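Reading through the C-alpha cells given below for one structure.
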Amino acid sequence: GAVVSQHPSRVICKSGTSVKIECRSLDFQATTMFWYRQFPKKSLMLMATSNEGSKATYEQGVEKDKFLINHASLTLSTLTVTSAHPEDSSFYICSASLGRPYNEQFFGPGTRLTVL
Amino acid sequence: EDQVTQSPEALRLQEGESSSLNCSYTVSGLRGLFWYRQDPGKGPEFLFTLYSAGEEKEKERLKATLTKKESFLHITAPKPEDSATYLCAVAFSGSARQLTFGSGTQLTVLP
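Chains as they are written, first to last, in the numbering used here: chain A, 1 to 116; chain B, 1001 to 1111.
Structure follows, in C-alpha cells:
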C-alpha cells in the first residue's frame, strides 16, 4: 500500500517551454501532497504544500508563477514549470500524506528535468 | 531554530560489519521522526516512523530507536544491497504536516 507514482520520469525540454509533472497516489486518498526539489548530493528542499481543492502554499523563495501547482483531486497533483530555463533543471519529487496530522509521507519515484 | 543533523555524512562498511547512523534533532514538540532510504535517481522509500522516546522499530537488518534528542538507525550485518542514502526527517508542532529533513548519510557496503 501507499504507492505514489510520478510521470514522466525524465523530461528534456528547450528553454522557454513549459513542462507538466503529474503525481498520483495509487491506492489511497491524499488530502495533502508535497513537492520537493533535490540537487545532486543534497537533501530534499520543500517547494510547496498542496491541499486538495485549495491553493498551494509555497515556501519562501519559490516563485508561485513559475511553479504552478494544481491539486484537482484526492489522488492527483500536478506541477507545471512554466517558461523553463536551464537553472530549473533538477530532480523533482512529490509526496503524499495519508491525511492524519504528522503522518509519514510517501514519495514518488521523482522526475529528472533537463532544460537545454 | 528547528534543526535536524545526521552523522556521519558518509559511511563505508564491509559486508557483515554492523554500525549505526545518527539523527539528532532540536525541535519544539516532536510529532514524529521518520527514516527513509533513497537510492540514486529515485524517490525516498519509507522505512520507519517513531513517535515517542523509547520506541523501537525493526525491519530485516534495520532497527530504529528514539530518545528525546536523537534517533539511531542500527544496521546489523549489512549487505551490499543496503548501500543507499538514509534520510531522517521530523515533524513538529506547528509544522503543518511538513517534514524537516536532515542532509542524509550515504552508506556504502563493500562485498
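Here a beta-carbon is modelled for each residue, glycine too, at the ideal position from N, C-alpha and C. Here the structure is a predicted model, which means the values were calculated and not measured.
Please list, in chain order, the chain A residues whose beta carbon lies closer than 7 Å to that of residue i.
i, result
"B:Thr1049", "Glu104"
"B:Phe1034", "Glu104"
List, in chain order, every chain A residue whose beta-carbon is nearer than 8 Å to that of residue i.
i, result
"B:Ser1103", "Lys42 and Ser43"
"B:Leu1087", "Ser43 and Leu44"
Within its chain, find whatever has a CB closer than 6 Å to the CB of residue i; leave out the 5 residues flanking it on each side and keep chain order.
i, result
"B:Ala1010", "Gln1106"
"B:Lys1068", "Ala1053"
"A:Leu116", "Lys14"
"A:Ile69", "Ala48, Ser50, Ala56 and Leu79"
"A:Ser25", "Val4, Thr75 and Ala96"
Going along chain B, which residues have a C-beta under 8 Å from residue i?
i, result
"A:Gly61", "Chain B residues near A:Gly61: none, gap ~15 Å exceeds 8 Å."
"A:Gly108", "Gly1043"
"A:Ser97", "Arg1097"
"A:Ile93", "Gly1043 and Pro1044"
Report the three-state DSSP secondary structure of residue i (helix, strand or coil).
i, result
"B:Glu1081", "helix"
"A:Glu52", "coil"
"A:Glu63", "coil"
"B:Glu1009", "coil"
"B:Glu1015", "coil"
"A:Glu87", "helix"
"B:Ser1093", "coil"
"A:Ser9", "coil"
"A:Tyr92", "strand"
"A:Ala72", "strand"
"B:Glu1070", "strand"
"B:Gly1032", "strand"
Short of 8 Å in beta carbon distance, which residues of its chain neighbour residue i, apart from the five on each side in sequence? Order them along the chain.
i, result
"A:Thr82", "Ser18, Asp65, Lys66, Phe67 and Leu68"
"B:Arg1061", "Ile1075, Thr1076, Ala1077, Pro1078, Lys1079 and Asp1082"
Just the chain B side, please: which residues come within less than 7 Å of residue i by C-beta, in chain order?
i, result
"A:Thr32", "Arg1097"
When you compare the CB of residue i with every CB in chain E, is at least one pair closer than 8 Å?
i, result
"B:Phe1092", "The chain inventory of the structure shown lacks chain E, comprising the protein chains A and B."
Among residues of its own chain, excluding the 5 on either side of residue i, which ones have a beta-carbon nearer than 7 Å to its beta-carbon?
i, result
"B:Pro1008", "Thr1105"
"A:Ser73", "Glu52"
"B:Phe1092", "Asp1002, Val1027, Ser1028, Gly1029, Leu1030 and Arg1031"
> Got a sec: which bits of the region 74-87 of chain A sit with their beta carbon under 8 Å from any beta carbon on chain B, in order along the chain?
Replying inline: none
>> Under 8 Å, CB to CB, which of the residues in the region 1038-1069 of chain B have a partner in chain A?
In response: Gly1041, Lys1042, Gly1043, Pro1044, Glu1045, Phe1046 and Thr1049
> Do three or more CB pairs link the region 1033-1040 of chain B to the region 1084-1092 of chain B at distances below 8 Å?
Replying inline: yes
> Any contact of the region 1044-1062 of chain B with the region 1021-1029 of chain B, i.e. 3+ C-beta pairs under 8 Å?
Replying inline: no
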